[in-house]
Structure formats: C-alpha cells, structure tokens
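Below is one structure, written out as structure tokens, with a few remarks after it.
2 protein chains.
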Amino acid sequence: MKEVKIEEAWKKKYPEQVSLAVTISKDGKPDIIALGWVMPTSFNPPMVAISVGKTRYTHKLLSEVPEFVLCFPSERQKDAMIFCGTHSGKDYDKFKETGLKPVKAKYVKPPLIEGSVAAFECKVVATLDTGDHTIFVGEILTAYISETEEKRIYNFGNYFKSISND
Amino acid sequence: MKEVKIEEAWKKKYPEQVSLAVTISKDGKPDIIALGWVMPTSFNPPMVAISVGKTRYTHKLLSEVPEFVLCFPSERQKDAMIFCGTHSGKDYDKFKETGLKPVKAKYVKPPLIEGSVAAFECKVVATLDTGDHTIFVGEILTAYISETEEKRIYNFGNYFKSISND
Numbered sequence: 156m157k158e159v160k161i162e163e164a165w166k167k168k169y170p171e172q173v174s175l176a177v178t179i180s181k182d183g184k185p186d187i188i189a190l191g192w193v194m195p196t197s198f199n200p201p202m203v204a205i206s207v208g209k210t211r212y213t214h215k216l217l218s219e220v221p222e223f224v225l226c227f228p229s230e231r232q233k234d235a236m237i238f239c240g241t242h243s244g245k246d247y248d249k250f251k252e253t254g255l256k257p258v259k260a261k262y263v264k265p266p267l268i269e270g271s272v273a274a275f276e277c278k279v280v281a282t283l284d285t286g287d288h289t290i291f292v293g294e295i296l297t298a299y300i301s302e303t304e305e306k307r308i309y310n311f312g313n314y315f316k317s318i319s320n321d
Numbered sequence: 156m157k158e159v160k161i162e163e164a165w166k167k168k169y170p171e172q173v174s175l176a177v178t179i180s181k182d183g184k185p186d187i188i189a190l191g192w193v194m195p196t197s198f199n200p201p202m203v204a205i206s207v208g209k210t211r212y213t214h215k216l217l218s219e220v221p222e223f224v225l226c227f228p229s230e231r232q233k234d235a236m237i238f239c240g241t242h243s244g245k246d247y248d249k250f251k252e253t254g255l256k257p258v259k260a261k262y263v264k265p266p267l268i269e270g271s272v273a274a275f276e277c278k279v280v281a282t283l284d285t286g287d288h289t290i291f292v293g294e295i296l297t298a299y300i301s302e303t304e305e306k307r308i309y310n311f312g313n314y315f316k317s318i319s320n321d
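Structure follows, in structure tokens:
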C-alpha cells in the first residue's frame, strides 16, 4: 500500500450513490439538497443517517423543522439533481426552478418528489457534531417506490449516470 | 409514488458500496468485518462514519480499542470479503482463514489489508446510539491506495461485482 493524501484516497470511493433530501422552513417553503453522504443505520426501528455541511441552508432548516424526506433520484431527474447540488435554497425555489413535482407526505411536513426511485419520510431523532458537518439521524416513518421502473443515479467523480444491474 | 414496506423501498439502494473495517482486541488479535453502512462525514478534519450492529463482535472490539482501519476491498478480494461478512471473529481468525495479508499501520493498532483499493487509518472520536446499531465516527489520520490498479466491489443485492467506469 502506498501512503497518499487523504483526498486522493477518497477519490477511490466512486461510483458513489446520490440522494436528495427535502426539507422545509418554519413558514412552509420546501427545499431540496443533493447528498452523497447517506447511510442506513438501524433495521429496528428503521433509521437512516445523513451528513450535512454546517454552512448549508439545509442545516438551518433541519434545526428549525427536524424532518426530511430522503429520495433516491432517478436517471431522468439528473439535471434537476445537479441544479439542487449546485444552488442554495436561500436564493432559489428549487421545485419551481427544476420542475420537480412535490407530493404531500403522510407524516412529515416536507413533500416527497414525484418519480423518485424510492422515498423515505423521516423524523430527526438524534444529531451528532462531526467536524465541518452534522450527522442527522432520521427514524423512517414510511416509504415509497416509483410506480414506474426507474434507475438510480450514481456520482462517478466527474459525471453522473445510472448503473446497469446486468 | 406508491407506499410500500420500508424493507422493500430499501432494496432500491443497490448497488451499494462494500467496505471492510479492521479492528483489534485488547490482546492484539485483529478482526475484519464487511460493512455497507459507511459514509464520509467531514472534510476538515477528515472523518468517516461507520454503522455497526450492537450484537457484532466488532462492536465489542471497538468499545475496547477505539481504532479501525477502513478498507475498500478490491474485486480480487471478493471471496475473502464474503467470508468476513458471513463469519464472526469470535470463532475465526479472518486473516488466517482468508489469506488476506495484514500490513502494519502507522498510527493505529489494527493493520491495513494489503491490496485494498484504498485504506484509511481511523481513531474513534465520537459514537452515537441509533436503534440496533451504533455509529462510530473515525477521524482519518492517514490514507493509502494500492500500488496496483484495483477495482472496488459493490453489492448488487444478491451478488457482488465491480463497476466499470466507462
């Protein structure tokens, strides 16, 4: 093994799955962030952990309204996902700008995104400070899949595409 | 979107990356666990989070010696990775059984695994109880890549393989 800078070794993580997290402000304006740092963290009760940068607008929203909907974006949502990952909800209404369609959730205030490969309604049950990010742990209250067959998007480092299951 | 059981929606997470975490007992016996639930969680300082089931032997070892080496297994380590994911370190010496070759780490007691796509020496700096798992957050002290070109393994749900970057 050859010792290298940590950033160089992290490049070996690709392809990395991409998720979208939908959050909402106190006054009811939803926002969408693109996230690569996501992992399941319990079967029973079902939980998922997401890591959000402390300077992100999503971090502020999650502190105000501790609920989120985690969505796996589909290949056909690629451009919308890239927009969400490169613009701040402070400046843009991301549903309006991307054309992504919100769908009312059952238990939480942020909406689902229509056409996601899968979506999970989550209530934040714990947080952990980790360097320049915070881990938000969501208990999953219910889940959805797309009615149509959709392929999940992966980040290959400098481009995004789905992966064949064959 | 169609509401389904949470387990059914989680199946849409595949392909999922696979990692190996090397831990060590108080009396110096190393062990290896296969993990899917891993995410980076800070750039500065560099940190990674791993989620480990509370009943796992690795959970006990991490409580005794809070250090681990996170490795991305290569395609040619597939059989060894499957062995590590299906046997407990309580019963087996996994380096001996799999033929994986340990390499002395620089800052932590658990060894690296020779031929990993990448490896990260980590010291546990925080933990968080999450349902039936615990999140262990490791600060990354240094990192390595393989001297040869290796491909990372992914879990496709019922089989494991590498993914082409083309």
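So the protein sequences, as listed, match chains A and B.
Note that the working numbering numbers the first sequence so that position 75 is 230, with each residue one more than the last.
Note that the working numbering numbers the second sequence so that position 19 is 174, with each residue one more than the last.
All C-beta atoms in this analysis are idealised placements derived from N, C-alpha and C, irrespective of residue type, glycine included.
- For A:V193, the closest Cβ of chain B is nearer than 8 Å.
- Counted as a single uninterrupted DSSP element, the stretch harbouring B:T210 is not any alpha helix (DSSP H), since DSSP gives it neither H nor E.
- DSSP, read as helix, strand or coil, puts A:L225 in strand.
- When the alpha-carbon of B:R211 is set against those of B:S301, B:Y314 and B:H288, the nearest one is in B:H288.
- Taking the CA atoms as reference points, B:S229 sits about 10 Å from B:E269.
- At least one C-beta of chain A is nearer than 8 Å to the C-beta of B:M202.
- Cα atoms of B:S271 and B:F223: separation of roughly 15 Å, rounded to the nearest angstrom.
- With a cutoff of 8 Å on beta-carbon distance, B:V177 and B:M236 are scored as not near each other.
- With the criterion set as a beta carbon lying under 7 Å from some beta carbon of chain A, the members of the segment 275-307 of chain B are F275, A281, L283, T285, G286, D287, H288, I290, V292, I295, T297, A298, Y299, I300, S301, E302 and R307, in sequence order.
- Only exposed fits B:P200, as fewer than 16 other CB atoms lie within 10 angstroms of its CB.
- The beta carbon of A:I188 sits no closer than 8 Å to any beta carbon of chain B.
- The three-state reading of DSSP puts B:G191 in coil, since its state is none of H, G, I, E or B.
- As summarised for the segment 241-315 of chain B, the continuous alpha helix (DSSP H) elements at least 4 residues long and confined to that stretch are 249-253, given in chain order.
- By the C-beta density criterion, A:E304 is exposed, having fewer than 16 other C-beta atoms within 10 angstroms.
- Legend: CB atoms of the segment 211-243 of chain B lying less than 7 Å from CB atoms of chain A belong to residues F227.
- The C-beta distance from B:G293 to B:Y169 rounds to 25 Å, too long to fall under 8 Å, and the pair is not in contact.
- A:I179 has a beta carbon lying at 8 Å or more from every beta carbon in chain B.
- Cβ neighbours of A:L216 within its own chain (closer than 8 Å, five residues either side excluded): T178, I179, S180, D186 and G244.
- Taking a Cβ-Cβ threshold of 9 Å, the residues of chain B close to A:P170 are P170, Q172, R307, Y309, I318 and N320, in chain order.
- For B:A176, the closest Cβ of chain A is not nearer than 8 Å.
- In this structure A:V220 does not touch A:T213 by the C-beta definition: roughly 11 Å separates them, more than the 8 Å allowed.
- Within the segment 243-275 of chain B, those residues whose Cβ lies closer than 9 Å to any Cβ of chain A are, in chain order, V258, K261, L267, I268, E269, G270, S271, V272, A273, A274 and F275.
- In the same chain as B:I318, and ignoring 5 residues on each side of it, the C-beta atoms closer than 6 Å to its own belong to Y309, in chain order.
- In this structure, the CA atom of B:M156 is about 17 Å from the CA atom of A:F250.
- The shortest C-alpha to C-alpha distance from A:C226 to any of A:T253, A:T285, A:I300 and A:K316 is the one to A:I300.
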